[in-house]
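Protein chains in written order, with our numbering: chain H, 167 to 176; chain L, 30 to 241.
Where a beta carbon is used, it is the ideal one built from N, C-alpha and C, also for glycine.
Right, one structure below, let's go through it.
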């Protein structure tokens, strides 16, 4: 399963 | 963090320093779209609201503060300090045609129906198209100062480098962010025409001129 996107990019 | 993203972010930083250098050295913001810069400030402010309640890393925090501060400073330079050098009559792209669809897209595509998440989605979609007033202006005038093209190239490189970053993250972290990836691909595609002229003309020492 794919991990849920976290907003850690800029 | 991987090297693609690091170099992407560094390229983004470089683009802002090149833009500041262009404005300060020519004492003019000629050739720069105020609308694009205002859209970028909107992008950073709506996306980085999490600055106040979410800690990712010192790197992330510092970059966010820098992007918000520098985009507001550029707006100040354009609106006040170098106001006479800005010609609104060639910066005519209708930004409402960008803002409206981005609001709709954010309402349709988001990870959670909450104010910060909707604003985050909105900022992602808006960033994808924020360069359009600038490219439109370039298209209208048909030429650009070399330093302005370096600014655009660094900005485009930042977006392009995020693509291998996402591929890398897919394999190493099993992570995919479909909203960011889709918007990012669109955003990078918008630069293709520009890159073609940049590589075939500017990097060969010629002036950036579009064929008539």
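For residue i, which of the options has the nearest alpha-carbon?
| i | options | result |
| --- | --- | --- |
| residue 194/L | 178/L, 224/L and 214/L | 214/L |
| residue 49/L | 39/L, 38/L and 61/L | 61/L |
| residue 154/L | 178/L, 127/L and 179/L | 127/L |
| residue 174/L | 99/L, 100/L, 231/L and 34/L | 231/L |
| residue 114/L | 233/L, 33/L, 63/L and 142/L | 63/L |
| residue 147/L | 223/L, 77/L and 107/L | 77/L |
| residue 190/L | 218/L, 227/L and 85/L | 218/L |
| residue 168/L | 122/L, 87/L, 100/L and 198/L | 122/L |
| residue 161/L | 44/L, 222/L, 133/L and 140/L | 222/L |
| residue 226/L | 181/L, 40/L and 205/L | 181/L |
| residue 170/H | 206/L, 241/L, 238/L and 211/L | 206/L |
| residue 157/L | 233/L, 135/L, 51/L and 170/L | 135/L |
| residue 42/L | 120/L, 88/L, 196/L and 150/L | 88/L |
| residue 72/L | 57/L, 98/L, 142/L and 241/L | 98/L |
| residue 67/L | 46/L, 105/L, 172/L and 237/L | 105/L |
Check the Cβ of residue i against every Cβ in chain H and list those closer than 8 Å, keeping chain order.
| i | result |
| --- | --- |
| residue 202/L | 169 |
| residue 92/L | 176 |
| residue 209/L | 171 and 175 |
| residue 79/L | 173 |
Which residues in chain H have a C-beta closer than 7 Å to the C-beta of residue i? List them in chain order.
| i | result |
| --- | --- |
| residue 149/L | 173 |
For residue i, which residues in chain H fall below 9 Å Cβ to Cβ?
| i | result |
| --- | --- |
| residue 89/L | 174, 175 and 176 |
| residue 158/L | Here the premise fails: no neighbours, minimum Cβ distance about 18 Å. |
| residue 85/L | 172, 173 and 174 |
| residue 34/L | 175 and 176 |
Determine the burial state of residue i: buried for a count of at least 16 other Cβ atoms within 10 Å of its Cβ, exposed for fewer.
| i | result |
| --- | --- |
| residue 185/L | buried |
| residue 30/L | exposed |
| residue 243/L | The shown model of chain L, from 30 to 241, leaves out residue 243/L, and the question about it has no answer. |
| residue 82/L | exposed |
| residue 220/L | buried |
| residue 172/H | exposed |
| residue 103/L | buried |
| residue 175/H | buried |
Within 7 Å (strictly less), CB to CB, does residue i reach chain B?
| i | result |
| --- | --- |
| residue 38/L | Absence of chain B from the displayed structure is noted, the protein chains being H and L. |
To be precise: take each residue of the stretch 129-140 of chain L, compare its Cβ to all Cβ atoms of chain H, and keep it if any distance is under 9 Å. Which residues remain?
140
Please give the ranges of any beta strand (DSSP E) in the stretch 67-130 of chain L, keeping only runs that are unbroken, at least 3 residues long and fully inside the region.
none
Threshold first: 4 residues or longer. Then list the alpha helix (DSSP H) segments lying entirely within the stretch 140-196 of chain L, N to C.
144-158 and 161-170
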